[in-house]
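Visitor:
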Amino acid sequence: LSIGLQSLREFVSRHEEIFEWCEPAGGTFTLLRIKDPSVSAFNYCEALRKRSGLMLIPSTLFEYGDDHLRVTFGRRNTPELLRRWEEDLEQNGLS
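Residue numbers (this note's numbering): 205 to 299.
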């Protein structure tokens with residue numbers, strides 16, 4: 205868990221112009237808020253899944269608006285998944 209959380213901390217730090225969060229005190233997931241109000245979390249999650257096979261959960265599924273992404277950090281391969289996500293962000297942004 206600590207490796208996944210540390211990897212996510214570093215990821216968010218590198219992308220603080222795009223995302224903000226409150227680091228969780230427990231559990232294995234968190235919500236990242238998309239700072240750009242013109243970006244739909246639902247549409248972004250769909251596009252990311254189609255492009256890269258990565259699955260994030262949009263906050264619309266929790267009736268929590270359309271500007272958050274539910275991200276898990278409890279998997280053993282979290283650093284690799286974040287690396288793949290980062291590659292997609294660098295190539296495609298939040299489109």
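Where is the CB? At the ideal position from N, CA and C, for every residue including glycine.
Which residue spans inside the stretch 243-268 form an unbroken beta strand (DSSP E) run of at least 3?
Guide: Qualifying beta strand (DSSP E) stretches: none in this window.
Visitor: Under a three-way DSSP split, which group does residue 276 fall into?
Guide: One-based indexing of the sequence shown puts residue 276 at position 72. Note: residue 276 maps to strand in three-state DSSP.
Visitor: CA-CA distance, residue 258 and residue 236?
Guide: Counted from its first residue, the sequence shown places residue 258 at position 54. Counted from its first residue, the sequence shown places residue 236 at position 32. For residue 258 and residue 236, the distance between alpha carbons rounds to 16 Å.
Visitor: Measuring CB to CB, does residue 260 end up less than 8 Å from residue 243?
Guide: Along the sequence shown, read from residue 1 onward, the residue named residue 260 stands at position 56. Along the sequence shown, read from residue 1 onward, the residue named residue 243 stands at position 39. No, the pair does not count as a contact, with Cβ atoms beyond the cut-off.
Visitor: Contact check, residue 223 vs residue 277 under 8 Å by CB: the rounded distance?
Guide: Position 19 of the sequence shown, counted from the start, is the residue given in the question as residue 223. Position 73 of the sequence shown, counted from the start, is the residue given in the question as residue 277. Actually they are not in contact, since the Cβ atoms of residue 223 and residue 277 sit about 14 Å apart, beyond 8 Å.
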